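*Asks:* Chains as they are written, first to last, in the UniProt record's numbering: chain A, 1 to 261; chain R, 1 to 271. Cβ atoms here follow ideal geometry from the backbone N, Cα and C, with glycine treated the same way. Just so it is clear, the structure is predicted and the values come from calculations on it, not from any experiment.
1) So, do the segment 15-32 of chain A and the segment 87-99 of chain A have three or more beta carbon pairs nearer to each other than 8 Å?
2) Kindly identify the DSSP beta-bridge partner or partners of residue 6 of chain A.
3) Measuring only the C-alpha atoms, how far is residue 180 of chain A from residue 150 of chain A?
4) Find the residues of chain R that neighbour residue 89 of chain A, judging by a C-beta separation of less than 7 Å, and give them in chain order.
5) Would residue 25 of chain A and residue 47 of chain A be called neighbours here (beta carbons separated by less than 7 Å)?
6) Quick check on DSSP: helix, strand or coil for residue 44 of chain R?
7) In terms of alpha-carbon separation, which member of R:213, R:183 and R:170 lies closest to residue 129 of chain R?
8) Does the beta-carbon of residue 13 of chain A have 16 or more other beta-carbons within 10 angstroms, so that it is buried, or is it exposed?
9) With DSSP collapsed to three states, give me the class of residue 167 of chain R.
10) Here's the rule: buried if 16 or more other CB atoms are within 10 angstroms of the residue's CB, otherwise exposed. What is residue 4 of chain R?
11) I need the DSSP call for residue 114 of chain A, collapsed to helix, strand or coil.
12) Taking the alpha-carbon of residue 121 of chain R as reference, which of R:253, R:179, R:207 and R:226 has the nearest alpha-carbon?
13) Can you tell me which of the three DSSP states residue 74 of chain A falls into?
14) So, under 8 Å CB-CB, residue 250 of chain R and residue 211 of chain R are touching, yes? Tell me the CB distance rounded to an integer number of Å.
15) In this structure, does DSSP put residue 175 of chain R in helix, strand or coil?
16) If we require 3 or more residues per run, which beta strand (DSSP E) segments fall completely within the segment 141-195 of chain A?
17) Kindly indicate which three-state DSSP category residue 51 of chain R falls into: helix, strand or coil?
18) Taking residue 229 of chain A and residue 216 of chain A to be in contact with their CB atoms under 8 Å, please state how far apart those CB atoms are, rounded to whole angstroms.
19) Which of the residues in the segment 72-85 of chain A, read from start to end, lie with their CB under 9 Å from any CB of chain R?
20) Between residue 263 of chain R and chain A, is there a C-beta pair that is closer than 7 Å?
21) At the 7 Å Cβ level, is residue 280 of chain R part of the contact set with chain A, yes or no?
22) Does residue 40 of chain A have its Cβ less than 7 Å from a Cβ in chain R?
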């Protein structure tokens with residue numbers, strides 16, 4: 001039997017105290033297909049980051065079940081290592097450890113898993129090439145630009161070859177030009193690796209440019225408001241953004257966003 | 001070429017700035033000694049109160065040639081380093097525990113603050129009474145003085161770990177030991193070293209004050225003995241000797257910093 005890469009069964013999340021509960025995510029069903037590029041879009045407070053962090057196992061759902069590659073993520077309040085090994089996370093900040101070289105940062109997950117040193121170094125070199133930071137392996141993170149650091153963070157998430165890549169506004173802290181370049185790079189990396197990607201963003205253009213499918217989330221409580229399929233062929237080029245079809249999807253999303261925020 | 005020129009100029013400026021202390025320090029030192037010497041010569045002050053720099057210099061050379069002085073030096077070094085070692089082990093361990101275990105922090109906090117607020121130097125006679133005139137009481141004074149900054153800096157270091165870094169370790173399903181070894185320890189290390197830097201200086205103070213008040217060994221004892229004998233020039237020589245020892249320890253910690261945390265901004269700071 002085939003199963004989706006990620007499956008949510010009535011997943012719900014409440015935060016806060018008994019007196020002042022916050023409904024972060026209403027009961028949500030969701031299925032992300034293998035090798036799909038899914039984008040979560042929405043205003044702040046819509047629960048998109050909560051949803052992503054729940055997929056990544058960083059937050060436990062209040063109720064409902066999450067399955068990663070058909071394996072339950074939580075069992076008796078314990079995160080299941082088997083499900084986690086299919087997940088790689090990239091955060092808004094690169095979160096590289098400043099005391100490790102770029103190469104050691106990329107190989108950190110392998111080190112935690114006990115992979116021998118020579119093998120780790122070889123894998124880090126390979127990934128540095130994939131994300132386009134070869135030649136910087138021996139540098140400290142502080143010696144790299146924001147864009148390069150984020151590339152290293154992507155390489156780190158890919159190091160143990162997870163089948164799913166989760167990205168929480170990975171380019172939100174970058175300037176507009178670097179951001180556009182990184183979008184192209186991400187598409188290239190995705191086409192090269194065929195991972196399942198879930199990306200959180202609040203940039204409509206970024207969502208339409210990158211996604212196969214966009215989930216628009218609305219706040220109070222967080223829930224899926226609209227699903228938009230993006231039909232454009234790959235690889236997409238920057239000029240796509242000036243076409244009428246692209247603008248039409250952007251317009252539709254922008255109007256709906258204005259209504260719900 | 002036009003762009004290379006200012007870059008080269010800037011580089012030369014930076015090199016100059018790095019070399020600056022090597023030029024200014026000897027000059028300022030020479031000026032200080034000159035003023036000191038002039039004051040002694042023209043004010044007619046007794047050499048028992050303030051000896052001439054030349055006399056202090058020759059007294060120091062005598063000190064260096066005296067094996068008994070080296071015995072005293074060794075006693076002070078021993079008391080300082082042993083006390084410092086105890087303070088480091090206990091301070092770092094307790095600092096890590098306090099930062100991680102909330103109820104432990106709340107329970108111990110009043111006592112830790114108390115040990116800090118009590119003027120510990122005033123307890124030295126008590127330590128002498130309890131632990132004798134030997135080296136043990138000096139080790140304990142050094143340890144007690146050095147302990148606090150090491151503890152607080154360690155706790156602060158462990159507490160100020162970046163939440164994003166924690167997220168990375170959680171998402172990688174790291175074990176508790178891995179989180180400590182790969183994240184908390186390296187992250188807290190610059191803070192711990194700052195604690196050690198303050199601690200080593202306090203350890204010397206502790207050892208010397210302990211020697212002032214009891215026993216017959218160590219540079220603190222030697223200084224008091226010279227003072228009581230009105231050999232002021234030799235007293236000054238002991239003072240210089242102690243200061244050099246302090247510099248040596250302080251720079252050793254600085255070297256440790258550059259070795260252990262070369263990635264941290266503090267390793268490029270030269271104070």
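*Replies:* So, from the listed chains and residues:
1) no
2) A:32 and A:68
3) 13 Å
4) 171
5) yes
6) Coil.
7) R:213
8) buried
9) Correct three-state label for residue 167 of chain R: helix.
10) Any reading at residue 4 of chain R is ruled out, since the residue's pLDDT is 48, under 50, leaving its predicted position unreliable.
11) coil
12) The residue among R:253, R:179, R:207 and R:226 with its C-alpha nearest the C-alpha of residue 121 of chain R is R:207.
13) strand
14) Going by Cβ atoms, the distance from residue 250 of chain R to residue 211 of chain R rounds to 20 Å, so no, they are not a contact pair.
15) coil
16) Correct list: 164-168.
17) It is coil, neither helix nor strand.
18) So it is not a contact: roughly 12 Å between Cβ atoms.
19) So the list reads 79, 81, 84 and 85, given in the order they occur along the chain.
20) Judged by the 7 Å Cβ criterion, residue 263 of chain R is in contact with chain A.
21) With chain R running from 1 to 271 in the structure shown, residue 280 of chain R is simply not present.
22) no
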